[in-house]
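> Below is the structure I would like to discuss, written out as structure tokens.
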Amino acid sequence: MARKPTFDYDLIVIGSGAGGSPAASIAAAAGKRVAVVEADMFGGESPNWGDVPVKALLHAAQLYDEARHGTRFGLRSATLGYNFMSLKSWKDKAVKRTGAGNNKSYYEKQGIDTYNSPAHFISPHEISINRRHLSSKQFLIATGSYWKNPLIAGLDTIAFYTPRTILDSIRLPKSLLIIGGGSSAVEFAQLFAILGTKVYITEKAARILPDQDSESGELIARLLAEDKGVSVLTQTRILSVQKDGLSKRVVVSRAGTEKSIRVDEILVTTGRTPTVDIGLENASVAYTPNGIEVDEYLQTSAQHIFAAGDVLGSKKYLHTALTESRIAAHNLLNKQRVKPDYNAIPNITFTYPGIASVGLTEDDCLKRDLDIKKSIAPLNMIARSNTSDYRDGFVKIIADKRGVIIGSTIVAPHAGEMIHELTIAVKHQMTAAEIAATPHAYLSWSEAIRVAASRLT
Ligand SMILES: Cc1cc2nc3c(=O)[nH]c(=O)nc-3n(C[C@H](O)[C@H](O)[C@H](O)COP(=O)(O)OP(=O)(O)OC[C@H]3O[C@@H](n4cnc5c(N)ncnc54)[C@H](O)[C@@H]3O)c2cc1C
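Going by our numbering, the sequence shown opens with residue 614, and the numbers climb by one from there.
And the structure:
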């Protein structure tokens, strides 16, 4: 009788971010022999240099900004100030408190072996790490994504920042040009503008936040420009960049006109690319430059290899990566398989006001030729707007012709919290009438959700 092949591990997880970490823990708790291989810092992007540090700094900056504008509430704020290095210390403290950043022992305490080296497949069941070979019965690939430099003339001749590196800067730039107008770009634009940097944000589409409902990009562009002095340059292509003494000169083309802008620093936020250069051919795992191809159960073209997180190239959110990791672990361990549900994934931009959305945008509905109804409730019509002296923002709800909520966008001070009510509505196919008939507490921002829903009934 042929002997079963023996492997070093039951499961090797490649990448220790949100796409890898939960699966490793679940498999270890189920009694499997598990290893996690990490090329860089354990914990991946989110705790080390992504979501957590950026949000910690944004919180401090937004608090500072609110306090500076407190005179209208009778507050005295003339002596308010900040120290850049102290702000960074706060950020480091917040990162440390997550316990997930650069934390190998987190895995070791669970009986999971760790290897700090890049993994490369050399055969379907074998990887090489640092001149050593490890074999496993199954694999989960969760290698995330990285910044691939966009093709811009001169970019390879100058020093520039990405979201990964900019928080390491020791001085606040006097001026900053941000390439790209997505969520990350908008967050950094607000953060640096509050701290006193002259910010330019450039986006080739007709509005910033081009993937979201048009009202949010238009409103946030106006607020960035009017309140924070940010130059929002849409329909703008970067033609070239070059060194100019201690500064950088950026040549842009906007509506057919060339313009040259001199700035201290450049932040490139475009070009996130899935990390697929890990010898996938040797393991017969199908992929494209847009990510690893998986079926609806997150299984790759190789039966014993699953993938999760940003390496799939689709939705790039931490909560999506976590969900996929748990589902991949379930499917690796069980015959009865489950599928991730991508219908109701909330998306938040952590500016002030916050921007949050779930489900389909109006553009999505147009592309699918869906028959929809929509309503918008401006924030300034609810009582909380008066007591907070805050007037910009809205709740938008999109419903199908039966009144079932299929999408929503909120721009409001607590949009990131408010969106979860509509996330439940989208996930469980609730109607606008059901939301409108639910009591919403007086003087909460969420009253605007009830108003928007009632306009659809
Ligand atoms: C600035 C910023 C802010 C963000 N803010 C938010 C937010 O507020 N909310 C939100 O939901 N999402 C946010 N995101 C996105 C979120 O961080 C990602 O979606 C999430 O971290 C992806 O997890 P992942 O495990 O797929 O990838 P990662 O966390 O990138 O983990 C992949 C890991 O694999 C490792 N790796 C790569 N190649 C190899 C190899 N060959 N061998 C071994 N290891 C390898 C990498 O070193 C890395 O540690 C933000 C992203 C950025 C950049």
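A virtual CB, placed ideally from N, CA and C, is assigned to each residue, including glycine.
(1) Go ahead and pull the three-state DSSP assignment for Q675.
(2) Would you report the Cα separation of H746 and E739, rounded to the nearest angstrom?
(3) Would the C-beta of L983 count as close to ligand 1, meaning under 8 Å from any of its heavy atoms?
(4) Taking contact to mean at least 3 C-beta pairs separated by less than 8 Å, is the region 885-901 in contact with the region 752-763?
(5) Near T711, which residues of its chain fall below 7 Å by C-beta distance, leaving aside the five closest residues on each side in sequence?
(6) Does DSSP put P660 in a helix, a strand or coil?
(7) Closest to D769 by CA distance: which of I779, V1008 and K856 is it?
(8) If you follow the alpha helix (DSSP H) that F801 is part of, which residue opens it and which one closes it?
(9) Considering Cα atoms alone, identify which of S1059, P966, L785 and Y955 is closest to I1019.
(10) Ligand 1 and V907: does the residue's C-beta get closer than 8 Å to at least one heavy atom of that ligand?
(11) Measuring from the CB of F697, is there a heavy atom of ligand 1 at a distance below 8 Å?
(12) Any heavy atom of ligand 1 closer than 8 Å to the beta-carbon of Y930?
(13) For ligand 1, any of its heavy atoms closer than 8 Å to the Cβ of G683?
(14) Between the C-alpha atoms of K645 and A915, what's the straight-line distance to the nearest angstrom?
(15) Quick check: what's the CA-CA separation for T1044 versus K787?
(16) Alpha carbon to alpha carbon, what distance is there between L852 and R875?
(17) For the region 868-883 and the region 770-781, state whether three or more C-beta atom pairs, one from each stretch, are separated by less than 8 Å.
(18) Please go through the region 738-797 and give each complete beta strand (DSSP E) segment of 3 or more residues, from N-terminal end onward.
(19) Just how far apart, CA to CA, sit A798 and A669?
(20) Do the region 681-699 and the region 788-795 touch if we need at least three Cβ pairs shorter than 8 Å?
(21) Thinking C-alpha only, which one of R862, T815, A819 and S866 is nearest S844?
(22) Between R939 and ligand 1, is the CB less than 8 Å from at least one heavy atom?
(23) DSSP three-state call for L973: helix, strand or coil?
(24) Could you tell me the boundaries of the beta strand (DSSP E) in which A1012 lies?
(25) Going straight from the alpha carbon of S873 to that of G767, what length do you get?
(26) Is there contact here, the region 1054-1063 with the region 970-984, by at least three beta-carbon pairs under 8 Å?
(27) Can you find a C-beta in chain B that's less than 9 Å from the C-beta of R646?
(28) Would a C-beta distance cut-off of 9 Å place N895 and F752 closer than the cut-off?
(29) Output the distance between the C-alpha atoms of I779 and F805, rounded to the nearest integer angstrom.
(30) Tell me the rounded alpha-carbon separation between G1016 and D1005.
(31) Taking the DSSP output, what are the residues bridged to P991?
(32) Assess, as a yes-or-no matter, whether the region 702-717 is touched by the region 860-870 under the definition of 3 or more beta carbon pairs within less than 8 Å.
In short, the structure shows the following:
(1) For Q675, the three-state secondary structure derived from DSSP is helix.
(2) Counting only the Cα atoms, E739 lies some 7 Å from H746.
(3) False, no ligand heavy atom lies under 8 Å from that Cβ.
(4) Contact holds: three or more Cβ-Cβ distances are below 8 Å.
(5) Take T711, set aside five residues on each side of it, and the residues of its chain with a beta-carbon closer than 7 Å to its own are P660 and V665, in chain order.
(6) Annotated three-state conformation of P660 is helix, per DSSP.
(7) Measuring C-alpha to C-alpha distances from D769 to each of I779, V1008 and K856 identifies K856 as the nearest.
(8) For F801, the enclosing alpha helix (DSSP H) starts and ends at S796 to I807.
(9) Comparing C-alpha distances from I1019 to each of S1059, P966, L785 and Y955 shows the shortest one belongs to Y955.
(10) The answer is no for V907.
(11) Not under cutoff, so the answer is no.
(12) At least one heavy atom of ligand 1 lies closer than 8 Å to the C-beta of Y930.
(13) In this structure, G683 has its beta carbon at no less than 8 Å from each heavy atom of ligand 1.
(14) For K645 and A915, the gap between their C-alpha atoms comes out near 20 Å.
(15) Rounded to the nearest angstrom, the two C-alpha atoms are 49 Å apart.
(16) Our two residues, R875 and L852, have alpha carbons roughly 14 Å apart in a direct line.
(17) Verdict: yes, contact present.
(18) Qualifying beta strand (DSSP E) stretches, in chain order: 739-742, 745-754, 758-760 and 788-792.
(19) Note on geometry: alpha-carbon atoms of A798 and A669 lie some 16 Å from one another.
(20) Not touching, per the Cβ criterion.
(21) Nearest Cα to S844 within the set R862, T815, A819 and S866: T815.
(22) Not under cutoff, so the answer is no.
(23) If DSSP states are grouped into helix, strand and coil, L973 belongs with coil.
(24) First-last of the beta strand (DSSP E) with A1012: F1007 to D1013.
(25) Distance between S873 and G767, taken at the CA atoms: about 14 Å.
(26) Contact between the region 1054-1063 and the region 970-984 is not established, with fewer than three Cβ pairs separated by less than 8 Å.
(27) Of the protein chains in the structure, only one exists, and it is not chain B.
(28) No, the Cβ-Cβ distance between N895 and F752 is not below 9 Å.
(29) Rounded to whole angstroms, I779 to F805 spans 11 Å at the Cα level.
(30) G1016 and D1005: Cα-Cα distance of roughly 27 Å.
(31) According to DSSP, P991 bridges with F1007.
(32) Touching, no.
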